Amino acid sequence: GEDVEQSLFLSVREGDSSVINCTYTDSSSTYLYWYKQEPGAGLQLLTYIFSNMDMKQDQRLTVLLNKKDKHLSLRIADTQTGDSAIYFCAESILSGGYNKLIFGAGTRLAVHP
Amino acid sequence: DTEVTQTPKHLVMGMTNKKSLKCEQHMGHRAMYWYKQKAKKPPELMFVYSYEKLSINESVPSRFSPECPNSSLLNLHLHALQPEDSALYLCASSLAGSTDTQYFGPGTRLTVL
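These protein sequences, in sequence, are chains A and B.
Our numbering numbers the first residue of the first sequence as 2 and each following residue consecutively.
Our numbering numbers the first residue of the second sequence as 9 and each following residue consecutively.
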């Protein structure tokens, strides 16, 4: 079945690193995504990783993919108050001839001084 | 430019009203999507248009009627909605097929009285 799971809440101190974890079930996923959503706003694409990669780094963001365990993580270095938001993990899977996005429930990141 | 725009930002309507949501992108994307997002939940796919043709309807009630007049525009016509239809409606677009990364607009916050 199609299922993406994330922990619901993470609290970190400003300047520390944040690690948001995600597990997925469909081994045929092509791409895996991280989106950020601030209150009342749409989804902002943060980064994505192709399923045959195991790591991708983009400035403060590092994505790690363990395909064997179907585990994806997003590390945010030097977390700032502006990083406070909900972070959605999503997998892209083939369904009825179409690749659809399956989202996790979202992890709320709270950054405190 | 990876911008998807949506209007209006907020909409309040009664159950007997007819209204429309609009979405626009000028990135040359040929796939466009409507999602519904309830509070504290991930987005749920409603419709997919590919090359201005409806490709996917995720069993959405007929009181929601999508329209794609051209490759840059996507509308969602609303009629006889229920209070439980109140949500954030998100539009997204991707380059060509559904395998490509989806970029989201800021959403329309809809309240049905």
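From the three backbone atoms N, C-alpha and C, an ideal C-beta is built for every residue, glycine too.
Fair warning: this is a prediction, and the values are worked out from it, not measured in the lab.
Candidates the options, of which the one nearest residue i by Cα
{"i": "L82(B)", "options": "H37(B), L89(B), V20(B) and L19(B)", "result": "H37(B)"}
{"i": "Y49(A)", "options": "T116(B), D108(B), R117(B) and A100(B)", "result": "D108(B)"}
{"i": "C99(B)", "options": "L86(B), L62(B) and F55(B)", "result": "F55(B)"}
{"i": "S73(B)", "options": "Q45(B), E92(B), K17(B) and K26(B)", "result": "K26(B)"}
{"i": "C31(B)", "options": "S102(B), T24(B) and T13(B)", "result": "T13(B)"}
{"i": "D59(A)", "options": "G43(A), W35(A) and S52(A)", "result": "W35(A)"}
{"i": "G105(A)", "options": "L118(B), E52(B) and L121(B)", "result": "E52(B)"}
{"i": "N22(A)", "options": "I87(A), S8(A), S12(A) and S85(A)", "result": "S8(A)"}
{"i": "Q81(A)", "options": "N100(A), V5(A), S18(A) and S28(A)", "result": "S18(A)"}
{"i": "H113(A)", "options": "K101(A), L95(A) and A86(A)", "result": "A86(A)"}
Under the three-state DSSP convention, the category residue i falls into
{"i": "T82(A)", "result": "helix"}
{"i": "P77(B)", "result": "strand"}
{"i": "D93(B)", "result": "helix"}
{"i": "D55(A)", "result": "coil"}
{"i": "L47(A)", "result": "strand"}
{"i": "R61(A)", "result": "coil"}
{"i": "L62(B)", "result": "strand"}
{"i": "K30(B)", "result": "strand"}
{"i": "A106(A)", "result": "coil"}
{"i": "M35(B)", "result": "coil"}
{"i": "S67(B)", "result": "coil"}
Counted within 10 angstroms of its Cβ, other Cβ atoms place residue i as buried (16 or more) or exposed
{"i": "L75(A)", "result": "buried"}
{"i": "E39(A)", "result": "exposed"}
{"i": "Y25(A)", "result": "buried"}
{"i": "F10(A)", "result": "exposed"}
{"i": "V20(B)", "result": "exposed"}
{"i": "E1(A)", "result": "Residue coverage of chain A in this structure runs from 2 to 114, which leaves residue 1(A) outside it and unanswerable."}
{"i": "D70(A)", "result": "exposed"}
{"i": "G113(B)", "result": "buried"}
Per DSSP, cross-strand counterpart(s) of residue i
{"i": "V20(B)", "result": "T119(B)"}
{"i": "A100(B)", "result": "Y41(B) and F112(B)"}
{"i": "E39(A)", "result": "According to DSSP, E39(A) bridges with nothing at all."}
{"i": "N67(A)", "result": "H72(A)"}
{"i": "S12(A)", "result": "A111(A)"}
{"i": "E6(A)", "result": "T24(A)"}
Name the residues in the stretch 44-64 of chain B whose C-beta lies less than 9 Å from a C-beta of chain A; which are they? Q45, K48, K49, P50, P51, E52, L53, V56, S58, S63 and I64
Where the stretch 82-116 of chain B meets chain A: residues whose CB sits under 9 Å from a CB there: L96, L98, C99, A100, G105, S106, T107, D108, T109, Q110, Y111, F112, G113, P114 and G115
Relative to chain B, which residues along the stretch 18-50 of chain A have a C-beta separation below 9 Å, given in chain order? T31, Y32, Y34, Y36, Q38, G41, A42, G43, L44, Q45, L46 and Y49
Of the residues that make up the stretch 48-72 of chain A, which ones have a beta carbon closer than 9 Å to any beta carbon in chain B? Y49
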